[in-house]
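What follows is a set of notes on a single structure, which appears directly below.
Chains as they are written, first to last, in the numbering used here: chain A, 1151 to 1241; chain B, 6 to 267.
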C-alpha cells in the first residue's frame, strides 16, 4: 500500500478530506521524528513502540572476500510491536 | 531523553501542528495505526509518508518489521555523518585495535633532531641579538644542547640561530639591553626569566579571580549567634505565653468565685 492509497483509505474511513489527512499524517510523522531524535520512545497503544537504538562502531567481516570493515556508530529507529498486534497475527 | 511518550503527548503535538482538537487528534492517530494494523494483517506492506515502511516478516516474535524514512534516518545520524566505513588491513585483529592506547607521556617521545637547513630558514631575527648570541657561544665555548634538550649537529653560527628560535623576542630585546653591563648570557637565564614572566602573569590572573566575589554568595551569620537569637526569642515567647496563661487563670478564679453573702 503506497502513501497515496493509505491517505485515500484513511479519508474514506474517517470522513476527513484527503488534504487534511495528508497534512495530519505529515504532522504525525514529524512529531514522532522529533521525539525519536531526542532519543525518546513513542508508544502507540495497541500498535507498538518506536524506539531509537544506538549501534556502537564495530568491525564486520565479509565472508566471501574476508575483508574486515570498521563501521561507524549509527542510530536507527526500531519498531517493537505490542502484544495486541502480535496476537492479531497469531490468531 | 529516554522518556516514553504516551499517546496523549503525541496527540498534543499533532494538535498543535494542525490546529485540530485534542480528541480529534487522538482519534485520528488511533484510526491511522488501526488501519495500518489491518493492512499488515492482510499481508500488505504499508508506506506511511514521512515515517517509514511497515512490512510483515516471518519472525514469530516480531511479526512486523519497520524501516524508517530516509529523512528521519539522515537526521538521526547527522552527528556521525563525517564517519565512513573503513576497510581494515588483513593483518589487523580486533585485539590489536583494542590494544592501541594514546601515550601522552612526553618523556617517552622520540628525541627531536634539528636539521641545519630548517634552522637557517628562521624568520625575523634581529642582527644585533644574533651577534650577541654568537659572541656568547664563542666565549662560553659550551653548547646549549644540554640546556635546550635538543640534539644539535650544527656549526656555532647555525646553533645561535637555533637558540634564537627557542627564545621569545622580548627576551632577545632584554639580552641586548643588558649587553653592556654584564657578559651576555645564554639561554638558562633567559629561560628562567621567561618562566618568571609566565608565573607572574598566571599568579596575577589567579589572584584576580580570587578577589572577584561571586554575586550570589552572601555572608552568613555565625552558628553561635543564631543559637542565642533563637534562644532569646523562644524565652520571650515562653514568658509571654506564661503571663497570658497566668492572667487567664486569675481572671477565671475571680469570676467563678461565689459571691460573698453578708
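We put the beta carbon where it would ideally sit given N, CA and C, even for glycine.
- Within chain B, no residue has its CB atom less than 9 Å from the CB of residue 1167 (chain A), the nearest being about 13 Å off.
- Beta-bridge partners of residue 1219 (chain A) (DSSP): A:1210, B:92.
- Checking the DSSP bridge columns, you'll see residue 1201 (chain A) partnered with A:1228.
- For residue 82 (chain B), the nearest beta carbon of chain A is closer than 8 Å to its own beta carbon.
- Of all residues in the stretch 1162-1190 of chain A, only 1163, 1164, 1166, 1170, 1171, 1172, 1173, 1174, 1175, 1176, 1177, 1178, 1179, 1180, 1181, 1182, 1183, 1184, 1185, 1186, 1187, 1188, 1189, 1190 come within less than 9 Å of chain B when Cβ atoms are compared, listed by chain position.
- By the rule that beta-carbons nearer than 8 Å mark a contact, residue 243 (chain B) does not touch chain A.
- Close to residue 91 (chain B), with beta-carbon spacing below 8 Å, are these residues of chain A in chain order: 1219, 1220.
- Residues of chain B with a Cβ closer than 8 Å to the Cβ of residue 1226 (chain A) are, in chain order, 73, 78, 81.
- Around the beta carbon of residue 1240 (chain A), fewer than 16 other beta carbons lie within 10 angstroms, which makes this residue exposed.
- Across the structure, residue 1175 (chain A) and residue 24 (chain B) are spaced so that their CA atoms are roughly 13 Å apart.
- Within a 10 Å sphere around the beta-carbon of residue 52 (chain B) sit 16 or more other beta-carbons, which makes this residue buried.
- Residue 1162 (chain A): member of the alpha helix (DSSP H) spanning 1153-1164, first to last residue.
- Residue 1151 (chain A) and residue 1218 (chain A) have their C-alpha atoms some 39 Å from each other.
- For residue 1177 (chain A), the uninterrupted alpha helix (DSSP H) segment begins and ends at 1168-1187.
- Its chain contains 12, 15, 16, 19 as the residues whose beta carbon lies nearer than 8 Å to that of residue 34 (chain B), once the 5 sequence neighbours on both sides are disregarded; these appear in chain order.
- Following the DSSP letters along the chain, one finds residue 57 (chain B) inside the beta strand (DSSP E) bounded by residues 57-61.
- By the Cβ neighbour-count rule, residue 1231 (chain A) is buried, with 16 or more other Cβ atoms within 10 Å of its own.
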